[in-house]
Amino acid sequence: MTSEKPEVLTLINVFALIIVVLLSWVAFFSCMLCLHKFFTMPEWFFPVFRDATQKRVRQLRDVQERRIEENENLEDDISEGYGSNESESIA
Numbered sequence: 036m037t038s039e040k041p042e043v044l045t046l047i048n049v050f051a052l053i054i055v056v057l058l059s060w061v062a063f064f065s066c067m068l069c070l071h072k073f074f075t076m077p078e079w080f081f082p083v084f085r086d087a088t089q090k091r092v093r094q095l096r097d098v099q100e101r102r103i104e105e106n107e108n109l110e111d112d113i114s115e116g117y118g119s120n121e122s123e124s125i126a
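For the sequence shown, the positions run 36 to 126 when the numbering used here is used.
This is the structure in structure tokens:
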């Protein structure tokens, strides 16, 4: 009987160690997930960041719309320019 007692304690210690290791991994990965969400989506945590992000998105959209308009104007100018140059060179 005395020889079985240390084996049982060793098994309990091994299972306790496995449970502690698993719980520590779960805690570690949940902390990493929270930090990842914190740094990639700060507007979830702070409304100031959300407002700044929305303002920046609006600015970028305005710039994009202006560039599209400029490109369309340039395409119109180029097509008109080529048409007039070809007619002049042919004549």
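By construction, the Cβ of each residue, glycine as well, lies at the ideal position given by its N, Cα and C atoms. All values reported here derive from a predicted model rather than from experimental measurement.
Quick check: the Cα distance between residue i and residue j, rounded to an integer number of angstroms?
| i | j | result |
| --- | --- | --- |
| valine 43 | valine 55 | 18 Å |
| asparagine 108 | lysine 90 | 27 Å |
| glutamate 110 | leucine 95 | 22 Å |
| glutamate 100 | asparagine 106 | 10 Å |
| alanine 51 | tryptophan 60 | 14 Å |
| cysteine 69 | glutamate 104 | 42 Å |
| serine 65 | isoleucine 53 | 18 Å |
| valine 49 | threonine 75 | 39 Å |
| alanine 62 | arginine 102 | 48 Å |
| serine 114 | histidine 71 | 50 Å |
| aspartate 97 | glycine 116 | 28 Å |
Spatial neighbours of residue i within its chain, please: CB distance less than 8 Å, with the 5 preceding and 5 following residues excluded, ordered by chain position.
| i | result |
| --- | --- |
| leucine 46 | none |
| lysine 40 | none |
| leucine 57 | none |
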